[in-house]
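Undergrad:
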Amino acid sequence: MNFSKLKSVRELPALGLLLVSCLWLIFALPSFRTAVNLGQVAQQAGLLGLLVCGESLVIITGGIDLSVGATAALCSCLAASRMQAGWPWLIGIPLAIVAGGAVGYVNGVLITVRKLPPILTTLAMLLFLRAVTNIATASVPYNHIPEPIKAIAAGIWPFVTFLLLTAGLAVMMSQMKIGRRIVAVGASESSVRLSGVNTQAVLRLVYLLCGACAGLAGLLMGAASNSAQANLADGYELDVISAVVIGGVRLSGGEGSIIGAALGALIIVVMRNALFLYGLPTEQYGLVIGAIILIAAFAEQARRSRDRVATV
Amino acid sequence: MSSSAAVGQSKRRAMPAETGVFVVLSVLCLAFAIRFPEARNGATVSVILTNLAEISIIAAGMTLVIATGGIDVSVGSIAGLCGIVLGKLTVEKHMGLLIALPLTLVIGSACGWVNGTLISRYKLPPIIATLAMFSAARAGAYVLSNGNSISGLPDSLTNFGYGSALGVPTVAWLAGAVLVTMGILLKYSKFGRSILSLGGNREASFLSGVPIGKVETRVYVFSGLCAAIAAVVMTARGATAVPDAGKYLELRAITAVVVGGTPVIGGRATMIGTMLGLVTIGVVQQGVVSFGKDVMWEMLVMAVVLLAAVEVDRWRLRRALAA
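In order, the protein sequences belong to chains A and B.
My numbering puts the first residue of the first sequence at 1, with every later residue one more than the last.
My numbering puts the first residue of the second sequence at 1001, with every later residue one more than the last.
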């Protein structure tokens, strides 16, 4: 076995951390390995993971999307309100995904055509969408979500959806032309543009995909709690970005993988669950998550200095 | 720099960086004054200024951070932590304000120093380092307080929160003083020039002998210090220390700075723009209240104002380049 090659696998620290913590929990904490608890972990990991998949695409291009949580809330409320008004549930799913994609596309247009910085554009989008959703729903949750939607949001089904999406995007990134272009845009946009690729179209597509993932995640989140509401996924953007970074995606773009980011989402959810089972108050999650982000960032630094990338 | 020099030679005068926010603010003020004639008085101004006190103090530090091309998303959490520390020290440890206040400021600065060290020495991206602090400081506030709010603060502190001098609330004086001090620091001191050169071109300023590590660390210390001062104001005004105080302060402060015309890529900054950006937020807040609308409308309008100010700024730059 070639160990030196193994050392350069970016996902390795995340995978190691996940395996060690899962093994530890399985042996040390009997309440972790119950079917009910594992089912909950899978459900939460699936819901967070859908957001993480989309965000990781954006971060691989060197951008950032702060509006994923707000997009999820908007799409959840939009789909739930239409279904409550009598639209069939089979339309609800594409509606949420298309609405999310549309939001992402607007982000992409503002970033590529108006040349606004991604952080600023998506911050404005975050404020705008939260406000619109709160005003449109009068902050009242929708509780009549059709049974079939609730069924696909229950138990391990979100996790299955998340695995399928991760697999699909991973294949796209490694086997398809567009995947290579996404990574290349993150590494050096100008050189990709000069080699004849429409980088702006690539960026718009990436933000569109991120929004669509958020739309689907929002629909399932609302259905999982049987309450589609305007403050759904409030503050999730930070969890999502943390997961992507923990998964070994470089924040300045150009390096990282969907699988790494998916592992990051699992780590965050498993850590949360562990703290919960150990009886720590929910507010203290922050200390642990903060520490994990730092460890991940230092791992990235170590990797970078090994690769001898010069930084001032 | 080069564009303004070129414009100086032409007939057209260069428009200042604050043009965007000035135009947007004037339109908003005019609309507000026409729609609500009864609000055209000093009392309204005083309310707006008081409500802006915490955000203003945080935005002063944030302007320095953004001038280096960085960002500090942890200020709201640091303010929450410092508020709890102040409450703990004065109420539970029975310390006098003369000891408790400096200790609170030291805690805030220490959080900022950790941010700065992670960023300048260990080369973490600012958003990641401050994101970790965002989580950790908020958790720290909950751990220290067990999730409870602390009331029964000393009278001298709460009196400060409600006092006024020359018809202007004391907290507004304090906020103004912080803004002016940071503005002078940014524009006229060696430290300020180092900040701008660091934000403009890191490598060039390193090669020309600017101690970039030291400058960058110090910028985040200032940001943490400002968060601590804001925490004192917030605690004094609320008369209680609450662990989730200061949520979304970072969003508002970043919005004020960016609306004011300081570009997020760094290298240029205007404290006057930040002040105008702050007043814009204040006018929008007050307008939403006067219309009797939900606070959500404030976020909606701010999102539009944010994009509008950036568009006006782009128009200004294009005009300057054309000249």
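Note that CB positions come from ideal geometry on N, CA and C, so glycine has one too.
Do the stretch 1261-1273 of chain B and the stretch 1109-1120 of chain B make contact, defined as three or more Cβ pairs closer than 8 Å?
TA: No: the two stretches stay apart, fewer than three of their Cβ pairs being nearer than 8 Å.
Undergrad: Would residue 11 of chain A pass as a contact of residue 248 of chain A if the rule is Cβ separation under 8 Å?
TA: Contact flag set, yes.
Undergrad: If you count every other CB in all the chains shown that lies within 10 Å of the CB of residue 1085 of chain B, and 16 or more means buried, which is it?
TA: Classification of residue 1085 of chain B: buried, given that the 10 Å Cβ count is 16 or more.
Undergrad: Along the stretch 1102-1131 of chain B, where does the CB come closer than 9 Å to a CB of chain A? Name the residues.
TA: Hits within the stretch, in order: 1118, 1122, 1123, 1124, 1125, 1127, 1128, 1129 and 1131.
Undergrad: Alpha carbon to alpha carbon, how far is residue 1255 of chain B from residue 1277 of chain B? Give it in angstroms, no decimals.
TA: Cα-Cα distance, rounded: 8 Å.
Undergrad: So with CB distances below 7 Å, who are the chain B contacts of residue 278 of chain A?
TA: Here the premise fails: no neighbours, minimum Cβ distance about 14 Å.
Undergrad: Looking only at its chain, what residues have a beta carbon closer than 7 Å to the beta carbon of residue 252 of chain A, apart from the 5 residues adjacent to it on each side?
TA: So the qualifying residues of the chain are 62.
Undergrad: Beta carbon of residue 1227 of chain B, beta carbon of residue 1075 of chain B: below 8 Å?
TA: Yes.
Undergrad: Determine the burial state of residue 24 of chain A: buried for a count of at least 16 other Cβ atoms within 10 Å of its Cβ, exposed for fewer.
TA: Exposed is the call here.
Undergrad: 8 Å is my cut-off, CB to CB: does residue 131 of chain A come that close to chain B?
TA: Taking Cβ atoms only, chain B reaches closer than 8 Å to residue 131 of chain A, which makes this a yes.
Undergrad: Is it the case that the CB of residue 272 of chain A approaches a heavy atom of the ligand GDP more closely than 7 Å?
TA: Ligands displayed in this structure: none; no statement on the ligand GDP is therefore possible.
Undergrad: Please report the residue range of the alpha helix (DSSP H) in which residue 239 of chain A lies.
TA: Where residue 239 of chain A is concerned, the enclosing alpha helix (DSSP H) stretches over 236-246.
Undergrad: Taking Cβ-Cβ distances below 9 Å as the criterion, which residues of the stretch 122-152 of chain A are in contact with chain B?
TA: Those would be 123, 124, 125, 126, 127, 128, 129, 130, 131, 132, 133, 134, 135, 138 and 139, in chain order.
Undergrad: So which residues of chain A does residue 1294 of chain B contact, with C-beta pairs closer than 9 Å?
TA: Per Cβ cutoff of 9 Å: 131, 134, 135, 138 and 139.
Undergrad: Can you look up residue 1168 of chain B in the DSSP assignment and give me helix, strand or coil?
TA: Of the three classes helix, strand and coil, the one that applies to residue 1168 of chain B here is strand, per DSSP.
Undergrad: Taking the straight line between their C-alpha atoms, what separation do you get for residue 1 of chain A and residue 273 of chain A?
TA: Caution applies to residue 1 of chain A, whose pLDDT of 49 falls short of 50 and renders its modelled position unreliable; the value that the coordinates give is listed next. Answer to the nearest angstrom: the Cα atoms are 35 Å apart.
Undergrad: Going by alpha carbons, who is nearest to residue 224 of chain A out of A/156, A/114, A/85 and A/29?
TA: Answer by Cα proximity: A/156.
Undergrad: Based on the DSSP secondary-structure assignment, which residues constitute the bridge partners of residue 142 of chain A?
TA: A/228, per the DSSP bridge assignment.
Undergrad: Under 8 Å, with one C-beta from each stretch per pair, do the stretch 1086-1095 of chain B and the stretch 1153-1160 of chain B reach the 3-pair mark?
TA: The answer is yes - the stretch 1153-1160 of chain B touches the stretch 1086-1095 of chain B, with three or more Cβ pairs under 8 Å.
Undergrad: Whole angstroms are fine: how far does the CA of residue 1061 of chain B sit from the CA of residue 107 of chain A?
TA: One C-alpha to the other measures close to 29 Å.
Undergrad: Strictly under 8 Å for the Cβ-Cβ distance: is residue 293 of chain A near chain B by that measure?
TA: Yes - at least one Cβ of chain B is within 8 Å of the one on residue 293 of chain A.
Undergrad: Between the stretch 244-261 of chain A and chain B, which residues of the former have CB atoms less than 8 Å from a CB of the latter, in chain order?
TA: Within the stretch 244-261 of chain A, the qualifying residues are 245, 251 and 252.
Undergrad: Check whether the Cβ atoms of residue 1268 of chain B and residue 1033 of chain B lie closer than 8 Å to each other.
TA: Contact flag unset, no.
Undergrad: By the 9 Å beta-carbon criterion, what residues does the stretch 1166-1181 of chain B contribute toward chain A?
TA: Residues passing the 9 Å Cβ filter: none.
Undergrad: On a CA-only basis, which of B/1262, B/1290, B/1251 and B/1263 is nearest residue 128 of chain A? Give me that one, please.
TA: Ranking B/1262, B/1290, B/1251 and B/1263 by Cα distance to residue 128 of chain A puts B/1251 first.
Undergrad: Would residue 1008 of chain B pass as an interface residue toward chain A - the criterion being a Cβ-Cβ separation below 8 Å?
TA: Bear in mind that the predicted position of residue 1008 of chain B carries a pLDDT of just 44, short of 50, making it too unreliable to give a figure here.
Undergrad: Rounded to a whole number of angstroms, what is the C-alpha to C-alpha distance between residue 1035 of chain B and residue 1311 of chain B?
TA: Their Cα atoms are separated by approximately 26 Å.
Undergrad: Tell me which residue opens and which closes the alpha helix (DSSP H) that residue 1311 of chain B is part of.
TA: Run containing residue 1311 of chain B: 1296-1322, per the alpha helix (DSSP H) assignment.
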